[in-house]
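>
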Amino acid sequence: MCSAHNDKSVRFFDQCGLFVQRVELHVSPVTSVSLSPDGLQVLTNSRDNTLKIIDLRTMKFDKKKRFTHPNYTNMSNFSRACFSYDGKHVIAGSGNGSIFFWNTFSGELDAMYTPTYKNQAICCASNPNPSGRPLATSLQDMIVLWDP
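All residue numbers for the sequence shown refer to numbering that gives the first Met the number 0, where the first residue is 0 and numbers rise by one.
(1) With Ala91 and Phe99 assumed to form a contact (beta carbons below 8 Å), what rounded beta-carbon distance in angstroms separates them?
(2) Looking at the structure shown, is Gly96 part of a helix, part of a strand, or coil, going by DSSP?
(3) Near Val41, what residues of its chain come up, given a Cβ to Cβ distance below 8 Å and the 5 sequence neighbours on each side ignored?
(4) Would you grab the beta carbon distance between Asn76 and Ser93 for me? Rounded to a whole angstrom, and I think it's under 8 Å.
(5) Out of His68, Val29 and Gln20, state which residue places its alpha-carbon closest to the alpha-carbon of Thr57.
(6) How long is the line joining the alpha carbons of Thr49 and Lys64, rounded to whole angstroms?
(7) Have a look at Val89, Gln119 and Ser27 and flag the residue whose alpha-carbon is nearest the alpha-carbon of Ala110.
(8) With distance defined between alpha-carbon atoms, name the residue in Leu17, Asn73 and Leu39 nearest to Cys123.
(9) Ser33 by DSSP, collapsed to three states: which one?
Written out as structure tokens, the structure is:
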């Protein structure tokens, strides 16, 4: 188990809920953590406008797995990013309402979808079935299903 914290850290716990380790790899509060589909990595999202991956086998951050873009902003302490259903992409909503799809392996931005509304997309969740349609929600109680 792991949790995101305002002190810029991610905390890890064992199966009994006992504290195991604290990892600090951002310069601003961490807003979410998401487990990869294979259970080997944790994606972090931070107010420093970066997403990073921690390898759970080594508890290390791979510098190639740092995701950012000049147009990506994390403007909420509740902003949530996720892995795609197949683990091939990291998906995050931005302060301008855009949804970013980064390649998990190369770190490159594969796609950016910009909606017609301009409210921040604070939550992304990937459907676990092969349709893989991510879900984005905005601050105006709107739910948008995106076709990849």
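Note that beta-carbon positions come from the ideal geometry of N, C-alpha and C, so glycine has one too.
With the given structure in hand:
(1) On the sequence shown, position 92 is the one that residue 91 refers to. On the sequence shown, position 100 is the one that residue 99 refers to. Yes, they are in contact, since the Cβ atoms of Ala91 and Phe99 sit about 5 Å apart, within 8 Å.
(2) The residue given as residue 96 occupies position 97 in the sequence shown. Looking at Gly96 - three-state DSSP - the assignment turns out to be coil, as it is neither helix nor strand.
(3) Mapped onto the sequence shown, residue 41 falls at position 42. Contacts found: Cys1, Val9, Val32, Ser33, Leu34, Ser35, Ile52, Ile53 and Leu55.
(4) Locating residue 76 in the sequence shown gives position 77, counting from the first residue. Locating residue 93 in the sequence shown gives position 94, counting from the first residue. Not really, about 15 Å apart at Cβ, beyond 8 Å.
(5) Taking the first residue of the sequence shown as 1, we reach residue 57 at position 58. The residue with the shortest Cα to Cα distance from Thr57 is Gln20.
(6) Looking up residue 49 in the sequence shown gives position 50. Looking up residue 64 in the sequence shown gives position 65. If I take the Cα positions, the gap works out to 10 Å.
(7) Position 111 of the sequence shown, counting from 1, holds the residue named residue 110. Looking from the CA of Ala110, the closest CA among Val89, Gln119 and Ser27 belongs to Val89.
(8) Along the sequence shown, one-based indexing puts residue 123 at 124. Residue Asn73 is the option with its Cα nearest to Cys123.
(9) Here residue 33 is taken as the residue at index 34 of the sequence shown, counted from 1. Note: Ser33 maps to strand in three-state DSSP.
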